[in-house]
Amino acid sequence: MISSTVSSKILKAIAKQEGFNFVETLTGFKWMGNKAWELMNEGKTVLLAFEEAIGYMCGTTVLDKDGVGAAMQLAQLAAYLETQGKSLRQHLDFIYNEYGYHVSNNSYFICHHQPTIEAMFHRLRNFNGPETYPDNLDSYVIQGVRDLTTGYDSTEPDKKAVSSNSFTFVLS
Numbered sequence: 385m386i387s388s389t390v391s392s393k394i395l396k397a398i399a400k401q402e403g404f405n406f407v408e409t410l411t412g413f414k415w416m417g418n419k420a421w422e423l424m425n426e427g428k429t430v431l432l433a434f435e436e437a438i439g440y441m442c443g444t445t446v447l448d449k450d451g452v453g454a455a456m457q458l459a460q461l462a463a464y465l466e467t468q469g470k471s472l473r474q475h476l477d478f479i480y481n482e483y484g485y486h487v488s489n490n491s492y493f494i495c496h497h498q499p500t501i502e503a504m505f506h507r508l509r510n511f512n513g514p515e516t517y518p519d520n521l522d523s524y525v526i527q528g529v530r531d532l533t534t535g536y537d538s539t540e541p542d543k544k545a546v547s548s549n550s551f552t553f554v555l556s
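Quick note, the sequence shown lines up with residues 385 to 556 if you use my numbering.
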């Protein structure tokens, strides 16, 4: 299963609990489609890829965002659930109860003044002294930090980020 770096991490939680392989890519279906192709060439089966902007790739018939294929899958799921006396909403509640609630708050800030950008990232990378990141955001504890500009990711075993060009805080 594949999702982009800006997407909800629920697919990662599902993959971990169910024993599936999970891969995160840069933003955009060109990255997810290319990763799917690479995985298929390694003999792996890609079940699903998605991105936070309501883009889905169900299977590998189309290695790109495929709204028609995704709608078909949803219709099949709704029909199956109806035979079980369940609704899509009930199944969504089941998914949340099984794998947890996941919230994403993606934001983009545009600044064309390079010294301001450099100062902002320097402050975040040296928040409580040299080479330290913030440990909380208001009442939320920061569980992981991914600074893709420098290649740092505290959630990876080797502390190396797997993509580039963004900054992520994982909150609890």
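For glycine and all other residues, C-beta sits at the position ideal for the given N, C-alpha and C.
Asked	Found
May I ask you to verify whether the segment 465 to 484 touches the segment 416 to 428, counting CB pairs closer than 8 Å and requiring at least 3?	no
Mind checking who V529 pairs with in its DSSP beta bridge?	F553
Between S392, Q527, T539, which lies nearest to I438 when the distance is taken from Cα to Cα?	S392
Could you tell me the alpha carbon to alpha carbon distance between G412 and I494, rounded to whole angstroms?	19 Å
Taking the C-alpha atoms as reference points, what is the distance between E482 and M385?	18 Å
I believe T445 touches G453 by the beta-carbon criterion, under 8 Å. Please report the beta-carbon distance rounded to the nearest angstrom.	7 Å
In terms of residues, what are the limits of the alpha helix (DSSP H) holding I501?	498 to 509
Between which residues of its own chain and F551 is the CB-CB distance below 8 Å, once the five residues before and five after are set aside?	F505, L508, R530, D531, L532, T533
List the residues that DSSP assigns as beta-bridge partners of K537.	It is Asp, not Lys, that sits at residue 537 in the sequence shown. Beta-bridge pairing links D537 to R530.
Taking only runs that begin and end inside the segment 436 to 474, name each unbroken alpha helix (DSSP H) of 4 or more residues, in chain order.	451 to 467
Hey, quick one: how far does the beta strand (DSSP E) through I386 stretch, first residue to last?	386 to 388
Tell me the DSSP bridge mates of N520?	V525
To the nearest angstrom, how far is it from the Cα of S556 to the Cα of N489?	13 Å
Once DSSP output is grouped into helix, strand and coil, what is the label at K544?	strand
With DSSP as the reference, label F406 as helix, strand or coil.	coil
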